[in-house]
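Visitor: This is the structure I want to talk about, given as structure tokens.
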Amino acid sequence: MYYDQHMHTHHSPDSVERFENYLALSEKPIVTTEHLDFFSPAQNKPDHIPDFAAYEAEFERLNARYGNRILKGLEVGFRKEDEKAILYYLDGKELDLMLLSIHHNGWYNFMEVGNDDVPLDRTLEEYYAMMLEGVRSFPQANVLAHFDYGLRRYDVSIEELQTVERILKRIFEEMIRHGIAFELNTSSMYKHQNVHLYEYAIGLYQSVGGKLFTVGSDAHKVEDYEAHFDKAFDLLKRQGVQKLAVFKNLEYRLVPVP
Ligand SMILES: [Zn+2]
Ligand SMILES: [Zn+2]
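When the letters of the sequence shown are read in order and numbered with the working numbering, they come out as residues 18 to 275.
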């Protein structure tokens, strides 16, 4: 059975949600993907580093109570400059799922800028260059999360996104080489209204041989768990996708699109 593979709890600095509230929603496995992000001195803010001992302790306590339904995940915010710190943090940690995200460029978070701040063509170029570097440098990731995160504050047409089609293809080819799945982020699609960009990107990913997909809500509170999943599943079926990947111990198996 398919289940949400992108959500946060109080182990992420931008969420206060409890595992128990997600567990109460269904009998399915729950995997939380907590934020790991390092910042540059220019950003002058504390790094987002999950206290893994506390995360594991809660995980073990709840798994004993809830029949081992919880899986351990991280959302790794990647920047080449932070590669060493990321690898140092991950060393020796047992995980089920690792998302790869591009959130910031060492100066600002991409969600903080829109057309009034940085011209779209510059953001497109910078954001997807960083993403290509990310999938090349961090091939151990399981899933590329919200490929459109850097565009959420812009109103981007498919034609505008097509200006970076060449680099998107290279990103997707690199993902296929390393078995990294493409995430349908339902927050991006339906809250930030980028569903048209997903329709285009899914087709492009398929055109270079991409077959691995996940769907994630990016819930930071329980109300958003599996939000709009029906619509995302319909979209996938319309694009000829019948299977989704679910990860455990960093390995995937395929399950039918519900
Ligand atoms: Zn994210
Ligand atoms: Zn997230």
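For glycine and all other residues, C-beta sits at the position ideal for the given N, C-alpha and C.
No experiment lies behind these values; they were computed from the predicted model shown.
Name the two residues that bound the continuous beta strand (DSSP E) containing V212.
Guide: Element bounds for V212: not the beta strand (DSSP E) but the alpha helix (DSSP H), 212–224.
Visitor: In chain order, which continuous runs of the beta strand (DSSP E) of length 3 or greater are located wholly inside the stretch 46–102?
Guide: DSSP assignment within the stretch 46–102 yields the following whole beta strand (DSSP E) runs of 3 residues or more, N-terminal first: 47–53, 87–94.
Visitor: Can you tell me the Cα-Cα spacing of K133 and N126, whole angstroms?
Guide: The amino acid occupying residue 133 in the given sequence is Asp; Lys does not appear at that position. Cα-Cα distance, rounded: 15 Å.
Visitor: Please classify P46 as buried or exposed, where buried requires at least 16 other C-beta atoms within 10 Å of its C-beta.
Guide: buried
Visitor: Relative to the C-alpha of G220, which residue among K238, K186, E240 is closest?
Guide: K186
Visitor: Under the three-state reduction of DSSP, which class applies to R153: helix, strand or coil?
Guide: helix
Visitor: Under 7 Å from any heavy atom of ligand 2, does the C-beta of D113 make it?
Guide: Answer for D113: no, Cβ out of range of ligand 2.
Visitor: Beta-carbon distances below 5 Å to any heavy atom of ligand 2 define the shell here; list its residues in chain order, please.
Guide: E92, D235
Visitor: Using the three-state DSSP reduction, which class does N159 fall into: helix, strand or coil?
Guide: Note: N159 maps to coil in three-state DSSP.
Visitor: Ends of the alpha helix (DSSP H) at Y269?
Guide: Where Y269 is concerned, there is no enclosing alpha helix (DSSP H), although the beta strand (DSSP E) it sits in stretches over 268–273.
Visitor: State whether the stretch 234–245 contacts the stretch 24–44, with contact taken as three or more CB pairs (one from each stretch) at a distance under 8 Å.
Guide: A contact exists between the stretch 234–245 and the stretch 24–44.
Visitor: What does the alpha-carbon distance come out to for the pair I188 and R139?
Guide: 18 Å
Visitor: When the Cα atoms are used, what is the spatial distance from N85 to E129?
Guide: Distance between the alpha carbons of N85 and E129 is about 38 Å.
Visitor: Where does E200 sit, in a helix, a strand or coil, going by DSSP?
Guide: strand
Visitor: Under 7 Å from any heavy atom of ligand 1, does the C-beta of H163 make it?
Guide: yes
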